[in-house]
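Undergrad: Each residue of the first sequence is one higher than the one before, counting from 0 in numbering that gives the first Met the number 0.
From the three backbone atoms N, C-alpha and C, an ideal C-beta is built for every residue, glycine too.
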Amino acid sequence: MTAARTARALMQMYEAMRAHFGSQGWWPAAAGADTAEGKLEICVGAILTQNTNWNNVERAIENLRRADCLSVEALDAIRPAKLARLIRPAGYFNVKARRLKNFISAVVRGGGEIRAFLARPVCELRRALLDVNGIGPETADSMILYAAGRATFVVDAYTRRILARHRLVEGGASYDSIKRLFESALPADAELYNDYHAQLVAVGKTFCRPEARCRGCPLAGFRHEAGLRA
DNA sequence: GACCAGGCACATC
DNA sequence: GATGTGCATGGT
Numbered sequence: 000m001t002a003a004r005t006a007r008a009l010m011q012m013y014e015a016m017r018a019h020f021g022s023q024g025w026w027p028a029a030a031g032a033d034t035a036e037g038k039l040e041i042c043v044g045a046i047l048t049q050n051t052n053w054n055n056v057e058r059a060i061e062n063l064r065r066a067d068c069l070s071v072e073a074l075d076a077i078r079p080a081k082l083a084r085l086i087r088p089a090g091y092f093n094v095k096a097r098r099l100k101n102f103i104s105a106v107v108r109g110g111g112e113i114r115a116f117l118a119r120p121v122c123e124l125r126r127a128l129l130d131v132n133g134i135g136p137e138t139a140d141s142m143i144l145y146a147a148g149r150a151t152f153v154v155d156a157y158t159r160r161i162l163a164r165h166r167l168v169e170g171g172a173s174y175d176s177i178k179r180l181f182e183s184a185l186p187a188d189a190e191l192y193n194d195y196h197a198q199l200v201a202v203g204k205t206f207c208r209p210e211a212r213c214r215g216c217p218l219a220g221f222r223h224e225a226g227l228r229a
């Protein structure tokens, strides 16, 4: 498929998903991302949601809020064991407590101001985030898109599955190749990337399960893997 | 009880 | 570089 046709297909798929699900209102609408606390909450959520259901993440964030721990200073000061107890509902709590600490250490090393930390040039910010043990490409891009409000496409398990099923990428395509596919096909627009990713998650949750369940899917009419049409 | 969820690092080959 | 494994809770 040519680049132009891929770009057209990706935009049409977005329109179809949006027509079906409506605007998803993911971060930052939910968290008030213009404030330092909102941005930090998004970054914390990005780490807590790794391989984890969002409902569980919300419980963990609520625990942090109640314990007055949603600030760089508090997260820097808290002991790992106590942090792990607070985020327990999000699963992998020992690992994620360490990862949160690593992230906060990077922010503190950068001056301790989350807004300043996120305001650096995107390439520099992405490198800094990927240097944090426990932050991989998806978590880094989630922070850059949702907390920093910059146009970076987030690729997740749903994105891979949906694109592979619709034959836009090979099954084993790398994170960066899928990211480049979207970023070269779509205008560099943070709001679009934000909602596009949320729409893919909605399709993934509702229809594009590991076991095929395409009936009623807004993407069912698009170029599709043999045997999987609605 | 099995499977899944908005990953990542590390060991091993 | 590809593949396998550990990490853990809560919903369906």
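State the DSSP-derived secondary structure class of residue 103, mapped to helix, strand or coil.
TA: helix
Undergrad: In whole angstroms, what separates the C-alpha of residue 8 from that of residue 49?
TA: 29 Å
Undergrad: Report buried or exposed for residue 222, applying the criterion of at least 16 other Cβ atoms within 10 angstroms of its Cβ.
TA: exposed
Undergrad: Hey, how far is the Cα of residue 151 from the Cα of residue 141?
TA: 8 Å
Undergrad: Look up residue 220 in the DSSP assignment and say whether it is helix, strand or coil.
TA: Residue state, collapsed to three classes: coil.
Undergrad: Output the distance between the C-alpha atoms of residue 3 and residue 78, rounded to the nearest integer angstrom.
TA: 52 Å
Undergrad: Would residue 203 and residue 145 qualify as a contact pair, given that the criterion is a beta-carbon distance under 8 Å?
TA: Not a contact, by the Cβ cut-off of 8 Å.
Undergrad: Quick check on the DSSP output: the alpha helix (DSSP H) that includes residue 156 runs from which residue to which?
TA: 156-164
Undergrad: Return the CA-CA distance between residue 108 and residue 121, expressed in angstroms with no decimal places.
TA: Each residue's Cα considered, the two are about 18 Å apart.
Undergrad: Is it true that the CB of residue 83 sits closer than 8 Å to the CB of residue 93?
TA: yes
Undergrad: Helix, strand or coil, according to DSSP, for residue 171 in the structure here?
TA: coil
Undergrad: To which residues of the same chain is residue 85 closer than 6 Å at the C-beta, ignoring the five residues directly before and after it?
TA: Answer for residue 85: 62, 63 and 66, listed in chain order.
Undergrad: Let's see if you can read the secondary structure: which residues bound the alpha helix (DSSP H) around residue 70?
TA: Run containing residue 70: none; DSSP gives neither H nor E here.
Undergrad: When you compare only the Cα positions, how much space is there between residue 159 and residue 99?
TA: Cα to Cα, the separation comes out at about 26 Å.
Undergrad: Suppose you measure from the CA of residue 118 to the CA of residue 226; what does that come to, to the nearest Å?
TA: Linking residue 118 to residue 226 through their CA atoms gives a straight-line distance of about 47 Å.
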